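Since the structure comes first, as structure tokens, the remarks are kept for the end.
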Amino acid sequence: MAYKFDFGAIVPHWELLLNGVVLTTELTVVGSVIGVSLGVLGAWARASRAPVISQIVGVYVELIRNTPFLVQLFFIFFGLPALGVKLTEFQAAVLAMVINLGAYSTEIIRAGILAIPQGQIEAAQSLAMNRVQIFRYVVILPALKKIWPALSSQIVIVMLGSSVCSQIAAEELTFAANYIQAMNFRAFEVYFIVTGVYLVMSILLRWMLKVFGNFLFERRNHV
Amino acid sequence: MSEFTLWDIVYNLALAARWTVLLSLTAFVLGGGVGLLLLMARTAGNPWAMRLVRGYVELFQGTPLLMQLFIVFFGLPLIGIDVSPWVAAMLGLTLFTSAFLTEIWRGCVESIGFGQWEASASLGMNFRQQMRYIILPQALRIAVPPTVGFSVQVVKGTAVASIIGFVELTKAGTMITNATYAPFTVYGCVAVFYFLICYPLSLYARHLEGKLRHVAR
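Residue numbers (the UniProt record's numbering), protein chains in the order written: chain A, 1 to 223; chain B, 1 to 217.
Quick look at the structure:
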């Protein structure tokens with residue numbers, strides 16, 4: 001049995017793939033901006049000495065980190081409507097990514113906050129800064145700088161993980177691939193090319209996060 | 001139409017959870033074996049082997065697990081090998097696991113001081129002996145906590161195998177939902193099952209990490 005590969009069969013569908021790339025990018029950007037913000041809040045709550053809030057955040061982190069993203073997504077998209085919360089595919093996908101990344105980044109950023117020398121915080125206190133000021137001016141940037149590589153990896157993992165959002169018919173890159181292979185039956189060729197696209201996207205994303213990190217942290221060195 | 005009680009849901013999910021556990025174990029053990037071979041190739045000092053393994057790791061860490069499973073599932077039949085969802089899932093997850101474990105273990109091997117390599121070389125040991133008697137026993141100690149930690153990722157990764165039609169916990173959840181129209185309860189239970197499998201592993205990894213830090217001090 002000789003199978004003839006026909007990668008040309010994908011070419012007419014380039015627009016679908018492009019739309020998929022755009023939607024995957026949108027999901028990743030929105031998901032990681034909100035997700036990391038949630039992580040900063042969560043890490044603050046974890047590091048603060050308010051026991052109840054810290055414990056609640058701890059439970060959230062453990063629940064999310066010990067269940068698969070796909071199940072979280074199904075729970076949000078299929079399960080929440082039972083409680084009257086109806087979401088579109090895109091909203092459900094973003095919400096799942098935010099909740100997922102929020103938990104991971106809480107744990108990552110917390111490690112960064114714990115690595116800030118206590119003397120820095122005491123120095124800020126002696127300057128009569130309040131807790132919000134200390135967090136904003138003394139703690140958060142050096143903390144983020146310390147854990148930026150780990151956080152970047154996690155964002156790339158979330159971008160790659162978004163491929164399962166095709167299962168709730170969010171029309172991202174994998175959905176486009178499924179759709180194309182259903183039309184031309186060239187499953188292997190489509191998935192092969194789309195895998196390559198994901199690889200390029202993850203390399204680009206990693207590079208952009210590195211550049212963004214340099215911009216965010218280096219510029220303030222002289223302050 | 002038969003009535004599904006909560007007990008029926010839990011019972012059927014428990015049956016399916018066996019497949020999640022079996023798939024995780026298989027992928028973890030086989031992936032560990034392949035990962036060890038790749039680690040040898042990576043650290044033996046042949047620049048081509050090194051580049052090849054680095055590319056392999058980059059490929060599997062830079063693409064979605066779902067795509068890897070799709071390529072195995074749809075690609076192997078093209079070269080005349082018919083694969084069931086079980087074989088495809090096992091193979092895909094094994095490759096995925098091996099790439100991550102190689103990378104984790106490489107870090108552990110590289111953290112062993114270079115003096116150890118030199119000292120064992122000066123005793124006339126070849127690469128295999130150095131690895132077997134000097135490097136691996138020391139690297140193993142640091143490698144255990146992150147390896148146990150990664151096993152959680154493998155268990156969660158098996159959920160993606162449901163998409164190529166392998167009936168494990170998540171797929172069973174979808175099937176039961178289609179019969180009961182109670183997605184909130186069913187997916188809630190599915191999540192609880194995963195949590196029960198993964199959380200002990202997470203705790204154990206953290207415990208080992210703490211112990212190691214204690215020893216290091």
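Note that beta-carbon positions come from the ideal geometry of N, C-alpha and C, so glycine has one too. Bear in mind that the values here come from a model prediction, so they are computed numbers and not experimental data.
- Secondary structure at B/Lys156: helix, using DSSP grouped into helix, strand and coil.
- DSSP places B/Cys108 inside the alpha helix (DSSP H), whose first and last residues are 85 to 110.
- Residue burial is scored here from C-beta neighbours: A/Ile64 has at least 16 other C-beta atoms within 10 angstroms and is therefore classed as buried.
- Straight across, the Cα-Cα distance linking B/Leu93 with B/Gly165 is about 14 angstroms.
- By the neighbour-count criterion, in which a residue is buried when 16 or more other Cβ atoms sit within 10 angstroms of its Cβ, B/Arg128 is exposed.
- For A/Pro81, a Cβ of chain B is located within less than 9 angstroms of the residue's own Cβ.
- Of the candidates A/Met159, A/Pro117, A/Ile155, A/Pro149, A/Pro117 places its Cα closest to the Cα of A/Val139.
- Out of A/Glu122, A/Leu73, A/Gly102, A/Val190, the CA that lies nearest to the CA of A/Pro12 is found in A/Val190.
- Counting of Cβ neighbours within 10 angstroms places A/Gln55 among the exposed residues, the total staying below 16.
- The C-beta of B/Ile164 comes no closer than 9 angstroms to any C-beta of chain A.
- Under the Cβ criterion of 9 angstroms, A/Phe135 is not counted among the residues facing chain B.
- Pairing A/Val132 with A/Leu41, the inter-Cα distance amounts to about 12 angstroms.
- In the structure shown, A/Val85 adopts coil according to DSSP, grouped into three states.
- With respect to A/Arg46, A/Gly58 sits close: the two C-beta atoms are nearer than 9 angstroms.
- Exclusion of the five residues before and after B/Thr102 leaves Gly35, Leu38, Leu39, Arg42, Val53, Val57 as the residues of its chain whose Cβ lies within less than 7 angstroms of its Cβ.
- For the pair B/Pro47 and A/Ile203, the Cα-to-Cα distance works out to about 23 angstroms.
- About 18 angstroms separates the beta carbons of B/Ala27 and B/Phe193, which is beyond the 8 angstroms limit, so they are not a contact pair.
- Of all residues in the region 178 to 191 of chain B, only Ala182, Pro183, Phe184, Thr185, Val186, Tyr187, Gly188, Val190, Ala191 place a beta-carbon less than 9 angstroms from a beta-carbon of chain A.
- Annotated as proximal: A/Ala92 and A/Leu73, with beta-carbon spacing under 9 angstroms.
- Short of 6 angstroms from the beta carbon of A/Lys145, and not among the five residues preceding or following it, lie these beta carbons of its own chain, in chain order: Phe217.
- Taking the C-beta atoms as reference points, B/Gln138 is found no nearer than 9 angstroms to B/Ile176.
- Contact check between the region 96 to 116 of chain A and the region 201 to 214 of chain B: fewer than three CB pairs, one atom from each, fall below 8 angstroms, which does not count as touching.
- Measuring C-alpha to C-alpha distances from B/Ala205 to each of B/Leu65, B/Gln153, B/Thr170 identifies B/Gln153 as the nearest.
- Cβ atoms of B/Val144 and B/Leu208 come within 8 angstroms of each other, at about 6 angstroms.
- Contacts with chain B at 9 angstroms (Cβ-Cβ) include A/Tyr191.
- Counting every other CB atom within 10 Å of its CB across the protein chains shown gives B/Val190 a total of 16 or more, marking it as buried.
- Cβ atoms of A/Leu83 and A/Leu95 stay farther apart than 8 angstroms, at about 13 angstroms.
- In this structure B/Trp7 is exposed. Its beta-carbon is surrounded by fewer than 16 other beta-carbon atoms within 10 angstroms.
- At a Cβ-Cβ threshold of 9 angstroms, B/Val160 and A/Val164 count as neighbours.
- The Cβ of B/Ser202 sits closer than 9 angstroms to at least one Cβ of chain A.
- Taking the Cα of B/Gly157 as reference, the smallest distance to any Cα among B/Thr174, B/Gln68, B/Phe74, B/Leu140 is reached at B/Gln68.
- Interface residue (Cβ-Cβ distance to chain A less than 9 angstroms): B/Val152 is classified as such.
- Its Cα nearest to that of B/Val10, the residue B/Val186 stands out among B/Val186, B/Ser24, B/Ile71, B/Ile135.
- Under the three-state reduction of DSSP output, A/Arg49 falls in the coil class, being neither helix nor strand.
- Nearest to B/Leu23 by C-alpha distance, out of B/Val167, B/Glu118, B/Pro64, is B/Val167.
- If the five residues before and after B/Ala49 are omitted, its C-beta is found closer than 6 angstroms to the C-beta atoms of Ala41, all from its own chain and listed in chain order.
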